[in-house]
Structures are given as structure tokens and as C-alpha cells.
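Chains as they are written, first to last, in the numbering used here: chain U, 365 to 697; chain P, 112 to 554; chain L, 87 to 391. Even for Gly, the Cβ is constructed at its ideal location relative to N, Cα and C. Predicted model, so just to flag it, every value in this text is computed and none were measured. Note sheet for the following structure.
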Amino acid sequence: MSKLFTISPSPHVHSGDSVNKIMYGVLLALLPAFIWSVMMFGLDSVRVTLIAVAACVGFELLIQKFILKVKPQIADGSAALTGVLLAFNVPSSVPSWMLIVGALVAIGIAKMPFGGLGNNPFNPALVGRVFMLISFPVNMTSWPVAGSFGVDAVTAATPLALLKEGIKSGQPVVEILKGLPANMDLFLGNMGGSLGEISALALLLGGVFMLIRKIITWHIPVSVMVSAAIFSGIFWLIDPSKFADPIFHLVTGGLMLGAFFMATDMVTSPMNPKAQIIFGAGIGILTILIRFWGAYPEGVSFAILIMNALVPLLNRYVKPKRFGEVKIQSTNG
Amino acid sequence: MLKTFKIGGVHPAENKLSASKAIEVLTLPKTVFIPVGQHIGAPAEAIVKKGDKLMVGQLIAKSSGFVSANIHSSVSGTVKKVETGPDTSGYPKMGIYIDVEDDIWDEQIDRSAELKSEINLDSAAILAKIQNAGIVGLGGATFPTHVKLMPPKGMKAEVLLINGVECEPYLTSDHRMMLEHGEELIVGVKLLMLALNVDKATIGIENNKQDAIAKMSGLVAGHKNISVVPLKVKYPQGGEKQLIKAVTGREVPSGALPISVGAVVTNIATTYAVYEAVQKNKPLFERVVTVTGKTVKNPSNFKVRIGTTVSELIEAAGGLPENCGKIINGGPMMGKAFANTEIPVTKGTSGILIMPEKEAKRSETMPCIRCSRCVSVCPMGLEPFLLMTLSEKQMWEGAENEKVMDCIECGSCSYTCPANRPLLDFIRLGKVKVGALIRSRKP
Amino acid sequence: MTTIILYTVLTLSIIGVLSAIILYFVAQKFKVYEDPRIGQVETALPGANCGGCGFAGCRAFAEACVSKGELADLFCPVGGNDTMGGVADILGIVAEKKDPRVAVVRCNGTCEHRPKTNFFDGPVSCAIASTLYSGDTGCQYGCLGCGDCVVACDFDAIHMNPVTGLPEVDDEKCVACGACVKACPKTLIELRKKRPKDRKIYVSCRNQDKGGVARKSCAVACIGCSKCEKECKFDAITIANNLAFIDSDKCTLCRKCVSVCPTNAIIEYNFPPRKVAVAEQPVSVPEKPKEVTVPISSEPKSSEL
């Protein structure tokens, strides 16, 4: 026989989906938020994003090539995605070298030592971000005023930070909220904040795109938002003078970014719908807990990282509904 | 809302290339090789020897137990030898070689095309005829039909389901059968109902076969206890458990047989074979096979005598294309690839699929990104990623606890995995090992 | 200040003493007697936990040794006679000496001897390939070449030769634990008696097909012609199912069978070149390739795992 036929186990067809398609799909979904950030913060956001992506991809390449000595897999887009997410979680004024340090932590500590793509227990971008937040608190919490680019050294706090400050100094919440942009402006993204977190609308667009493309399922984002809304809503109903309304919490502090892009990170989220809902609800509640009583004004990053740690446990003890796990229905039994 | 099963499922490209091609009768081959083990269970015992003269439909191998099936000669002629021959698995299988001479049929067989709808037999007689005719599940599983029709003690069938789903892409033989032999099928359904002593039958057909749904619905109009249910197109709806769930809403418990919820499923081709066996005295020695593939010149549906070599089928469909990379016995999701085209058509051959080179090879495997798609598409609610890992690490007990034996090997997980991981390959290995483990525990 | 420190130290001390007392009584109450020899035997064992003895690990083997009190069916292939001697000393008995063994791969179906008939495109695993079909060559008994034996080996003693596509055993490292024997779905690997200078003669084939069929699928297949059986003066060779087998316990390494084999299915290793008189016979002996330094390409593996 001159030509050999291929033999392989079934199935013999494939959906054609690939890791690369998923990663680039998420990147595409982040585009609206990126465009919005360029409109609000100008070229600085381009600088931050490019440096973060280049640093993440670069570190992954170097580690794979010289330390692990394996074939570099940077084309899969996962490092680029980590870079973009890292950039989206920092203020546009952050110095470039800090970003590079953050990227090194994200890739060099949170991802590659665990075995690279698919094996990291914690979301690398968030680990990098939290590392930066703890190491460089001043740079990480002074945000340029949105839309004020061109004017140097104008910084402002985020709505959540202002809220926290206000509550600390004993002002009633209603008074503080009056001084802040209206919820509609917050939803559109007219506020100070990290690159990608400000416009809930742009993030929602990206999220819907991912849902339609079936890159993510609804379980995690919906459970994050619903649980955050319900949990903050309860306290708001009890005492509106001490706690802000749920809508305010939903549209500020990167909750949307977290719900759609960080919590849904496939590698660090649970593997079945039931567990995903528990995971999402945990994130929502922890976020609000941190916002109300924690030291930091916003808590999405920490909430996601804490829940990331619980994922192996969720995978082990929360199982999908098996087919045939029923009592025999017919009289034959 | 169309009915369908609830958890999991995928929708591969349908590629029903031969759906509009009427069933053609393939010209008689010169020699045939009829394996004695064409079904699940004990192989039949050959009762002919070299030099014996045979008629079409003559018994040549006798069922060797309850879970076994008779084998009949598909041609008339002389037994050349009783020896091993090729098989899809690559391992030689025992069988009977026959040199074809003329086409002389056993006189008992009614060769006329006219419909014989009047039934004058009782349940036991019908069952006996089905058993004698060597009928097995023609969907590919080849489980002896008479065993299915005799529920174990204490169980009673309540509903008969006819599987007209044909959820495998490419395959069209059942579709054509419904269009061309609808009347006979209804008689077949009635025979099966009588044999099982049930008063309700449902024919499940996927919604991509509108013409078949229309035709069958028209035919069942006069029978109030037979109904046609259109189903949403979703693979693997043709799986017994999925079909029962989709049509009746009942869920077969893990590890149990469909009869435990009172359901018996037979597929279209089997029902037709039952009609022929009971009404026309014709044993199972020919079947409809779809020969198809994107590069095949004439994708067609052929009525073929069992034992004809696959190469003859391919020749009839326009020959083996230049760039053929893989030949599959069955559909693309569950079929078995083979390299030797001299293997015979058996009772379980529902299709021959020819894939071009560029589709034949698998893509590069990536690390698992834990996207959980395998979990969401698994129709059995299993966690394929976990089962694969357990199997890879040879943790068979763990795999058993995670219900590896429930896997129906539909391939949805491997089909959908974006990292191209060989999920089903390892799960199948796990099933083999866990199965052996379970058997070794029994005293 | 001093009182606080005093109180703290006192309280902690009292708690400590109380706990010690409780622990002492609990330990007494729940004491389990364990034969101290189990620990001693375990220390004497190599500690590889390879399972070559048939037990779950060295500890389980040690327990079995102590509880049985004799070493008739117990043997640690890794440690060999020395280790078993040590174990016997601990137990105060005498260990029976056993011949050291070494794994031998009984297939010589290299790419040139055994042409491929199809291309296997699945996971690199013999177990999976063998549950799917007979293999990618005409020989259903031969090596599948996916290297399950290499993965199974805890001692880095078996490697795939990338040229022949067959595994090769490193006699120096092989401890005859039998892991590869269990891993091979085609049961090609056998533990044979270790001989001086690692010399070996064996039938490098497991093909049970009739001569013609076997020959067609592989040029160096054993065709079961029984020439070797007749040649052997020591009854070491038996033919069953068209296949010759040389019993390594009976074989005297006389090399007569090697010359008569028409298909070169019998292989000799590590012998000096034959004397001229013998060498005149037209026998081409497949030579053992030099120490293979290239292990099986690990790239496809890592991507599978």
C-alpha cells in the first residue's frame, strides 16, 4: 500500500474551536472598554496597555525559552490577555517600570511556576494587580481625572474611595453621593478609576459578545452581580444613611470588569454550573463585605482571589447533576 | 418548543450529503466473507463446511446462546472456506467465505414487493421469527433484538420507541428507509408492539428530516396508539437513554437498562428487518449502507448483501477519492476508522464515511484550560476532564466513583474540546480497565 | 509587669504539664503493638516503592516478610540477593538465593523489518492503541511503539530507540521489577535470567500466526519452523502456537539455535565474534545498537499530559 490511511479513535470530527480562538475572542470583547479608556485617559492608556501586554508576553517567552526550555506557546494569546487585564486594573498614570514589575509577578509568580497555561490556581492578572496595589499604594490609588488628559498632575479618587473617606469622616452617605457623579454617569463611565473598569456599559457590551460567542456562560457574571446587588441591597434597605444603594455598587469599582472578565477566567473558575454559581455568589458577597468593612474601598480583586482558592474544593465537592441519578420511576422497579 | 434531552449535547455539521439519494441495490459481489461474530454476545457457530452449496437466506451459523444471533447466507453459491478474515479492529475474525453463483433464494422467502400488513401471529411466534432471522440492532450496537424484546422477569415494557433520529452526521440510511418504506415500517412497529405486548409506540425523528416527519405522521394518522414526535436536532439524541429522556421524559437510572423505565428502543432499520422477517420470512442478510464523504463522487445509499467487501461499496459510489485520508465504519462521531478496505459489510455497518486527508488528522493538543465545555456538553452529566486525568494517572477506583462506566462514548467531549484533548480516548481506556476491575470483584 | 509575665509563664507551664500527663495516659491506652522488625526490614529494603515484589510498597512488603516469618514467595527484585540476605538476617532465617533477572523486549519489528500499514493518530499510549485495534503494522502481536513501558519504568532503564521505534532495556539499570511487563499490552516483555557479561539469547518475536502470515507481516518473525527446537540439546526450546520460546533457566548459551533460525528471529547479545568456522554460515546477527543516548522524544508526551 503506497499511502497509509489514518487510524484514530472516535470522534473523527471536531468543533473547530481552539484555545487561541477563545483567548482572542476575550481580547476582542475587551475592545469597547479599551476604546472608552483611550477616550477618557488619552494616550496614557495605550502606553499602559502596550507595556503590560509586551511585558507579559515577553516574560512568558523568556521563561518558556530559557528556564523551562520548552517550545514557546505565546501565540495562544493567554499571556496577552493577562497583560490587557493587568493594564485594565491599574490607573493610567502608573509608571511603566511598576507595570513591568506587576507583569513579572503575574507571569513569573502566579502563572508559570504552576505549570503555565491551565494550571495556575489564581488569576495571574489579579495577582499582579494586588501585588502592585500593596507595594505601590500611592501610585495605584491616584487616578487621573477622566477626560482631563493633557492637563498634568490632576488626580482624583474613585467614587468608592470618596465614599469610604466620607463615611470615615462621619458624613451621611446620601450627602456623599450627592457630591459624586450620578449612577447613570457611573454606568457610562464618567468617573475616575483604573483603565478598564470605569465604563460598565462598555464592559457589558463585551460580556454580551462573549455570551453570544459562547466563550463564557451566564452563571458566573450573573451570580456575581445578583449576589452583590442583593447583599448590598439588604444593608441599604436597613440603613440608607450608612450604606450606598446596590446600583452604585454594581457600576463602580470594577465589579463589571471582575464579573465578566476576571471571575470568568476559565482556568481559575469552577468546572460545572452549580459550582460556578456558588463561586460567583461568593465573589459578590465578599466584594460587598470588603467594601463595607474592609480596609480597601473596593474589593473585587481580593474577592476573586479568595474564591479562586476555593475552586479546587468546589470542583471536588460540587458535582454536576449526573444523568440517571434518579429513583426508578416506573412500576417495574 | 421541540422535545429533546436535557443535559449536554452538541450540534456537529450535519453533512447529510446522500439524503436525497434513493436506496440503490448494489450488484451482487463475486465472493462474500460473512463473519460469524457480527453481534454483541457469543459468536455464532458455523454449521457449513467447505464445498457446501448454499441458497440465499440459508442458515450458515447457528446462535450459540441466548445473547447471540443466527447468521444466514446472503448469497447463493459454494462455501469456499471457513477461516479467519479481516475486521475493522485489525484482528482476524472467524467467518465463512462463499463463492457466489447465481441468485437462488430460499423458497420460503416472499420476494414480492407488495405490502403485507395483516398480522396473524401471536407474540411468541413473532419473537421466534425474529430470533430465527438473526435480527440485531442495526444502528451499530448490534445487540440481538430478541433479547431486547424479552424483558427480564419482573420487568414489563410499557412503551416502544422507534429511533428515527439518525443523529450521526453524514448518515442517511434510516432517513431514506422512512421515506421509501414507511408503510412497511408501520407494520414493523405493530409487530414489535404485539411482541412486546405494549399498547403505545412513538417514533422519534429529528427535525432536520422534515420530509420523513411528514411522511410518517401521515402514515400513523390512522393509528391512535402510534405517534410521531419531532425532536430538536441535537447529538447524541440517538443514544437510547437520551431518546427515552427526550420522548418520554423518563430517565434511565445509572447502570440500568432502558427496560427499567419500561421503555424498549429499536431503530428504523431494525424495525424494517423485523417486518421482513415476520411478514416475508426473510432472514437478515442485507442492509442499507450509506457511502458518503465530502470528496466522494456519488454519496449514495446502497442495499447491500452482508459480506460484501467495503471496497466494492466504495467503487459503486465513484471509487476511492485521491486524497482519502481516513475510512470510517459508521458515522464521524462514533464510527471506527479502519485501513483495510477488504473488510466485509456486517450487520452493524450503517455507513462508510470517507474523509479527505486534511480532515483526517487531529489538531495539536494544548494544555487543558479548564473551560468546562466538556462538562457542559456531556449528555450523561459526567466530568470528562476529570475522568481523563484519572485514567491517565491510572486511578481506576477514582474513575469508577466518578461514574466512568456511565459514559456512552458519544464523543461530544472530544468534539468540543478547544484544546483538542483526547478526552474520550482516555475515558474509553478507563472504561475498559474499570470494567475489568468490576468483573474481577465478582466471585 | 513582672506579675503578668509570671502568671503567663505559670499558666503555660501548668497547661503543658497537664497535657503531657493526658497524652501519656492516652498513649498508654491506645498503644498498638508493632513488631519492631517491620521497621528494621523496611530500612533494609531499597525504598523505591516500585511494587516489583507484588506489594503496594516497601512497607507492605516488610509487613508481609515479618508476618509470614519465611521468605519462600517473597523476593525484592530491586535489592536482589544482598537485600534479601539482610532481611533474612533480621528475621533470623536463611534466604534462598534467586537468580537475578533482567527485562527483555521480545520484538524486533523495526521499521525496515515490519512495514507500516496505517498511521495511528491518537494519544501516544500503547494501552489506548491496543484497545482500539491491532496496531499500525501487519503484525497484531508486535510492539506498538508508544512507550508505555518507558513511562512505567521507575528506574530509567528502558528507552525508545528513535531509529528502530522499539524499546531497549539498559541492563545496568534494570532491576527486574516487572513494571514494564505489566504495562505492555502485547506482553512482549519478559524477565529472563541474567547471565555473565549480560549475554542473552532469546526469540525476539511473539507472533503466533502461521509461518506465511507471520513472514508477510514482518521479515524477522518467528515462523514456528522448529529448527531451533531440534537443534537444542538441552530441551530449552519449546514451540507452541507457531512460536518458539527459549527457557532462560535451561539455556546454556551455546548459540547453536541462532545459526539455524531461517528468519533471524533468535537474537544473541554481548557475545564475542564467532570463530571463523561458524561465521562462514550465512548468518547476519542483528547487533545491539550502541548505548542509546537519545531517549524517547518527550515532546508529544508533555503535550498529552
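* Taking CYS435(P) as part of the beta strand (DSSP E), name the residues at either end of that continuous run. => It spans 435 to 440 - the beta strand (DSSP E) in which CYS435(P) sits, taken as one unbroken run.
* **ALA470(U) classed as buried or exposed, judged by whether at least 16 other C-beta atoms fall within 10 angstroms** => The residue in question, ALA470(U), is buried, as its Cβ has 16 or more Cβ neighbours within 10 Å.
* Asked: Beta-carbon of ASP536(P) versus every beta-carbon of chain U: anything under 8 Å?
  -> Interface residue, yes.
* Asked: From what residue to what residue does the alpha helix (DSSP H) around ILE641(U) run?
  -> Start and end: 637 to 657.
* What residues of chain P sit near GLN213(L), judged by a beta carbon separation below 7 Å? -> Here residue 213(L) is Ala; the residue named in the question, Gln, does not match the sequence. Within chain P, the residues near ALA213(L) are LEU540.
* To do: Identify whether PHE144(P) lies in helix, strand or coil by the three-state DSSP scheme.
  => In this structure, PHE144(P) counts as strand in the three-state DSSP scheme.
* Asked: With ASN319(P) and VAL344(P) assumed to form a contact (beta carbons below 8 Å), what rounded beta-carbon distance in angstroms separates them?
  -> Between ASN319(P) and VAL344(P) a beta carbon distance of about 5 Å is seen, short of the 8 Å cut, so the two are scored as contacting.
* To do: Report the partner residues of LYS202(L) according to the DSSP bridge assignment.
  => In the DSSP output, where bridge partners are listed per residue, LYS202(L) has THR223(L).
* When we look at the beta-carbon of ASN672(U) and count the other beta-carbons within 10 Å, is it buried (16 or more) or exposed? -> Classification of ASN672(U): buried, given that the 10 Å Cβ count is 16 or more.
* **Euclidean distance between Cα positions of ARG222(P) and LEU170(P)** => Approximately 18 Å between the Cα atoms of the pair.
* List the DSSP bridge partners of ASP210(P). => For ASP210(P), which the question treats as bridged, DSSP gives the partners THR142(P), THR189(P).
* To do: Can you tell me which of the three DSSP states LYS160(P) falls into?
  => Of the three classes helix, strand and coil, the one that applies to LYS160(P) here is coil, per DSSP.
* **the region 149 to 158 of chain P in contact with the region 114 to 128 of chain P per 3-pair CB rule at 8 Å** => With contact defined as three or more Cβ pairs closer than 8 Å, the region 149 to 158 of chain P and the region 114 to 128 of chain P are not in contact.
* Asked: CB-CB under 8 Å to ASP213(P), same chain, minus the five flanking residues each way: which ones, in chain order?
  -> So the list reads SER187, GLY188, once near-sequence residues are dropped.
* Taking the DSSP output, what are the residues bridged to ASN274(P)? -> Beta-bridge partners of ASN274(P) (DSSP): GLY315(P), ASN378(P).
* To do: State the CB to CB distance for the pair ASP163(P) and VAL190(P), rounded to an integer number of angstroms; the pair is presumed to be in contact (CB under 8 Å).
  => For a cut-off of 8 Å, the C-beta gap from ASP163(P) to VAL190(P) is around 5 Å, short enough to register as a contact.
* To do: For LYS387(L), name the three-state secondary structure that DSSP assigns.
  => Reliability fails at LYS387(L), whose pLDDT of 39 lies under 50, so the model's placement of it is uncertain and the value that follows must be treated cautiously. In the three-state scheme derived from DSSP, where H, G and I count as helix and E and B as strand, LYS387(L) is classed as helix.
* To do: Using a Cβ cut-off of 8 Å, pull out every chain L residue sitting near VAL543(P), in sequence order please.
  => Correct list: THR217.
* Going by CA-CA distance only, name the one from LEU481(U), SER442(U), GLY597(U), HIS613(U) that's closest to PRO523(U). => It is HIS613(U).
* In whole angstroms, what separates the C-alpha of ALA326(L) from that of GLY297(L)? -> Their backbone Cα atoms lie some 13 Å apart in a straight line.
* To do: Give the interface partners of LYS202(L) over in chain U, defined as CB-CB distance under 7 Å, in chain order.
  => What LYS202(L) touches in chain U: LEU368.
* Please say whether PRO132(L) and THR169(L) have beta carbons closer to each other than 8 Å? => A distance below 8 Å separates the beta carbons of THR169(L) and PRO132(L).
* To do: Closer than 6 Å by C-beta to LEU569(U): which residues in its own chain qualify, once you throw out the five before and the five after it? Chain order, please.
  => Once the five neighbours on either side are set aside, the close Cβ partners of LEU569(U) are PRO396.
* To do: Leaving aside the five residues before and after GLN390(P) along the sequence, list all residues of the same chain whose C-beta is less than 7 Å from its C-beta, in chain order.
  => Only LYS227, VAL298 meet the Cβ criterion.
* Please list the partners that SER174(P) has in chain U, where partner means a Cβ-to-Cβ separation under 8 Å. => By Cβ distance, chain U contributes nothing, its closest Cβ being about 27 Å from SER174(P), past 8 Å.
* Coil, strand or helix - TRP600(U) by DSSP -> Here TRP600(U) sits in helix by DSSP.
* **Secondary structure, beta strand (DSSP E): runs of 3+ residues fully inside the region 385 to 425 of chain U** => Within the region 385 to 425 of chain U, no complete beta strand (DSSP E) segment of 3 residues or longer occurs.
* To do: Please report the Cβ distance between MET476(U) and SER442(U), rounded to the nearest whole angstrom; I am assuming they are in contact, meaning their Cβ atoms lie under 8 Å.
  => Going by Cβ atoms, the distance from MET476(U) to SER442(U) rounds to 11 Å, so no, they are not a contact pair.
* Asked: What is the rounded straight-line gap between the Cα of ALA300(L) and the Cα of GLU135(P)?
  -> Rounded to the nearest angstrom, the two C-alpha atoms are 40 Å apart.
* **Contacts of PRO84(L) in chain P (Cβ-Cβ under 7 Å)** => Residue 84(L) lies beyond the range of chain L shown here (87 to 391); nothing can be said about it.
* To do: Could you name the residues of the same chain whose beta carbon sits closer than 7 Å to that of ASP440(U), not counting the 5 residues immediately before and after it, in chain order?
  => Closer than 7 Å at the Cβ level, and outside the excluded window around ASP440(U), lie VAL383, ASN384, MET387, LEU481.
* Asked: Is ARG550(P) close to chain L, meaning its C-beta is less than 8 Å from at least one C-beta of that chain?
  -> Proximity of ARG550(P) to chain L, defined by a Cβ-Cβ separation below 8 Å, is not satisfied.
* Asked: Is TRP400(U) buried or exposed, if buried means 16 or more other CB atoms sit within 10 Å of its CB?
  -> Counting Cβ neighbours within 10 Å, TRP400(U) comes out buried, since at least 16 surround it.
* Asked: Contact between the region 636 to 644 of chain U and the region 677 to 691 of chain U: three or more CB pairs below 8 Å?
  -> Yes: at least three Cβ pairs fall under 8 Å.
* Hey, out of THR253(P), PRO280(P), LYS393(P), GLY275(P), whose CA is closest to MET166(P)'s CA? -> Distance from the Cα of MET166(P) is smallest, within the candidate group THR253(P), PRO280(P), LYS393(P), GLY275(P), for LYS393(P).
* Under 7 Å from the C-beta of GLY208(L): neighbouring residues of chain P -> Chain P residues near GLY208(L): PRO533, ASP536.
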